[in-house]
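K.L.:
First, the structure itself, so that you have it in front of you.
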Amino acid sequence: MSLILYLAQVTCCLAIFYGFYHITLRKETLFETNRFYLVITLATSIALPLIKIYIDSRESDPGILLAPYVYVGSYVETFSTGMTVSQESPFPWDKLISGIYFLGVAVLAIRLLNAVKEIQWIRRSGQHTVIDSQRCVLSSKVKSPFSFFKTIYFPNQHQFDETELKEIVAHELAHVKGRHTVDVLFMEVACILFWPSPVIYLYRKALRDVHEFVADAAVIRDTPWEHYAELLVGQQQGQLQNILSNQLIYSQLKKRLLMMNQERSGFAARFKYLGIIPVVLIALVLFSFREKQTDAMNINSVLSSENMNEDVILYVTNSQRYFLGSKEITREEIKSALSEVMKGKMIAP
Numbered sequence: 008m009s010l011i012l013y014l015a016q017v018t019c020c021l022a023i024f025y026g027f028y029h030i031t032l033r034k035e036t037l038f039e040t041n042r043f044y045l046v047i048t049l050a051t052s053i054a055l056p057l058i059k060i061y062i063d064s065r066e067s068d069p070g071i072l073l074a075p076y077v078y079v080g081s082y083v084e085t086f087s088t089g090m091t092v093s094q095e096s097p098f099p100w101d102k103l104i105s106g107i108y109f110l111g112v113a114v115l116a117i118r119l120l121n122a123v124k125e126i127q128w129i130r131r132s133g134q135h136t137v138i139d140s141q142r143c144v145l146s147s148k149v150k151s152p153f154s155f156f157k158t159i160y161f162p163n164q165h166q167f168d169e170t171e172l173k174e175i176v177a178h179e180l181a182h183v184k185g186r187h188t189v190d191v192l193f194m195e196v197a198c199i200l201f202w203p204s205p206v207i208y209l210y211r212k213a214l215r216d217v218h219e220f221v222a223d224a225a226v227i228r229d230t231p232w233e234h235y236a237e238l239l240v241g242q243q244q245g246q247l248q249n250i251l252s253n254q255l256i257y258s259q260l261k262k263r264l265l266m267m268n269q270e271r272s273g274f275a276a277r278f279k280y281l282g283i284i285p286v287v288l289i290a291l292v293l294f295s296f297r298e299k300q301t302d303a304m305n306i307n308s309v310l311s312s313e314n315m316n317e318d319v320i321l322y323v324t325n326s327q328r329y330f331l332g333s334k335e336i337t338r339e340e341i342k343s344a345l346s347e348v349m350k351g352k353m354i355a356p
């Protein structure tokens, strides 16, 4: 499978799964389920085009037994006229596209590594402390609180009171306990590998939103949502725009406030997720099912045999398809070819 075809198929899979999410699941408050859906369907979209399920769609006729092939003559060679025709080699577009793709992968991979190094540097150079029984790091490089793996990062000169600190820690602790950093890393690697796909960025945004919904829901279980919303609105977007950090203040603040105040999804909403079954089946049919090419494989193996010695092979398959050399011919053409052989003529494919 070519690189371009694989990227196109992954993009189509992502579009199918994201379309179902956007239309059916996006407004549900089953945030953990939505998170699971996004991560699993992302992995599924990457894997499906690599899975090949071969099906045999031929109708066999047990009443007819055909010989595998029939020798009908020798190959007639053609000779050139001695004239030399210059042919320009076609432009290697596939190599150019592959080069651009791998260049983009390299640039984005370096960007990801720099983001990891930046957080590691902040962790090493920052002031380590404990806030509300949680390991934290204070640094002047941090403008807005965020978490990365099991550590929460704060500005070293923050002005949060005790209540606000508890709310912020509760928010970031939800990211820590939910292992959201693992999701973010997986998504960033996917964005590197499939950067030409526009749908992958919609996936990344949707997963980021769901992470924030999960963390917000954890806070408002013990805090009035109005007070917590006031904290969010009062914060300014952090200047440390690290692609890996789970920041307290994230874009789409209006959407987060609406989701916090939205009525919880009922039990019946869970049945919507059953709709993924036909969606997966559609994706399987489109990208994994392949018609079994037994006839063509047998023909190629016969024609590539070292024992052919340039002989022409008439190959008759079980599905009553006829090949003269590598060219498929009709039954009428078979009769004509055999008639020519009987007359002692040489047949060329």
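First residue of the sequence shown: 8, per our numbering; consecutive thereafter.
All residues carry an ideal CB built from backbone N, CA and C; glycine is no exception.
Closer than 8 Å by C-beta to I11: which residues in its own chain qualify, once you throw out the five before and the five after it? Chain order, please.
P.N.:
D101 and I104.
K.L.:
Can you round the beta-carbon distance between L251 and V191 to whole angstroms, since I take them to be within the 8 Å contact cut?
P.N.:
6 Å
K.L.:
Which complete beta strand (DSSP E) runs does the region 39-63 hold, if anything under 3 residues is left out?
P.N.:
60-62
K.L.:
Distance, Cα to Cα, T136 vs R142?
P.N.:
Roughly 6 Å separates the two Cα atoms.
K.L.:
Determine the DSSP secondary structure at E313, reduced to helix, strand or coil.
P.N.:
Because E313 sits at a pLDDT of 45, beneath the cut-off of 50, its placement in the model cannot be relied upon, and the following sentence gives the value as read from the coordinates. In this structure, E313 counts as coil in the three-state DSSP scheme.
K.L.:
When the distance is taken between beta carbons, is L238 closer than 7 Å to E174?
P.N.:
yes
K.L.:
Would you check if the distance between the CB atom of D223 and the CB atom of M267 is smaller than 7 Å?
P.N.:
For the pair D223 and M267, the CB atoms are nearer than the 7 Å cut-off.
K.L.:
Give the DSSP-derived three-state secondary structure of L37 in the structure shown.
P.N.:
coil
K.L.:
For E35, I'd like the list of residues in its chain whose CB is within less than 8 Å of its CB, leaving aside the five on either flank, ordered along the chain.
P.N.:
The residues are N41, S272, A276 and K279.
K.L.:
Taking only the alpha-carbon atoms, compute the straight-line gap between L200 and V112 and give it to the nearest angstrom.
P.N.:
Near 6 Å, if we compare the C-alpha coordinates of V112 and L200.
K.L.:
Could you pull out every residue in the same chain whose Cβ sits closer than 7 Å to the Cβ of K59, ignoring the five residues on either side in sequence?
P.N.:
S295 and R297
K.L.:
Going by C-alpha to C-alpha distance, which of Y25, A181, V144 and S343 sits closest to A50?
P.N.:
Y25
K.L.:
Please give me, in chain order, every unbroken run of the alpha helix (DSSP H) with length at least 4 that falls completely inside the region 162-231.
P.N.:
At a cut-off of 4 residues, the continuous stretches assigned as alpha helix (DSSP H) that sit fully inside the region 162-231 are 169-184, 187-200 and 206-227.
K.L.:
Hey, A290 and L119: beta-carbon distance below 7 Å or not?
P.N.:
no
K.L.:
Per DSSP, which one or two residues make a beta bridge with H135?
P.N.:
V144
K.L.:
Out of L288, S9 and S140, which has the shortest C-alpha to C-alpha gap to T48?
P.N.:
L288
K.L.:
Taking the alpha-carbon positions, what's the I62 to Y208 distance?
P.N.:
34 Å
K.L.:
How far does the alpha helix (DSSP H) with K157 in it extend, from its first residue to its last?
P.N.:
Run containing K157: none; DSSP gives neither H nor E here.
K.L.:
Suppose the cutoff is 7 Å on Cβ atoms and the five residues either side in sequence are ignored; what does the same chain contact list for D68 look like?
P.N.:
Caution is warranted here: a pLDDT of 46 is assigned to D68, below 50, making its placement in the model unreliable, and no coordinate value can be reported.
K.L.:
Among F27, V292, V240 and Y108, whose alpha-carbon lies nearest the alpha-carbon of L281?
P.N.:
F27
K.L.:
Let me make sure I understand the geometry here. Which of T158, Q269 and V286 has the alpha-carbon closest to that of S146?
P.N.:
T158
K.L.:
Just the Cα atoms here: how many angstroms apart are A15 and T337?
P.N.:
36 Å
K.L.:
With burial defined as no fewer than 16 other Cβ atoms inside 10 Å of the residue's Cβ, what is the status of I23: buried or exposed?
P.N.:
buried
K.L.:
Which one of T31, F43 and V17 has the shortest CA to CA distance from L214?
P.N.:
F43
K.L.:
Distance, Cα to Cα, V240 vs I30?
P.N.:
29 Å
K.L.:
List the DSSP bridge partners of R297.
P.N.:
Y61
K.L.:
On a CA-only basis, which of V17, V217 and Y210 is nearest S5? Give me that one, please.
P.N.:
Nothing can be reported for residue 5: it is not among the residues displayed for the chain, which extend from 8 to 356.
K.L.:
Just mark V144 as buried or exposed, buried being the case when its beta carbon has 16 or more other beta carbons within 10 Å.
P.N.:
When all chains shown are included, V144 counts as buried.
K.L.:
For Y235, which residues in the same chain have their Cβ closer than 7 Å to its Cβ, ignoring the five residues on either side in sequence?
P.N.:
Only E174, V226 and I227 meet the Cβ criterion.
K.L.:
Report the option in V196, E219 and C198 whose CA atom is closest to the CA atom of L180.
P.N.:
E219
K.L.:
Any idea which residues DSSP pairs E125 with across the strands?
P.N.:
E125 is not bridged to any residue.
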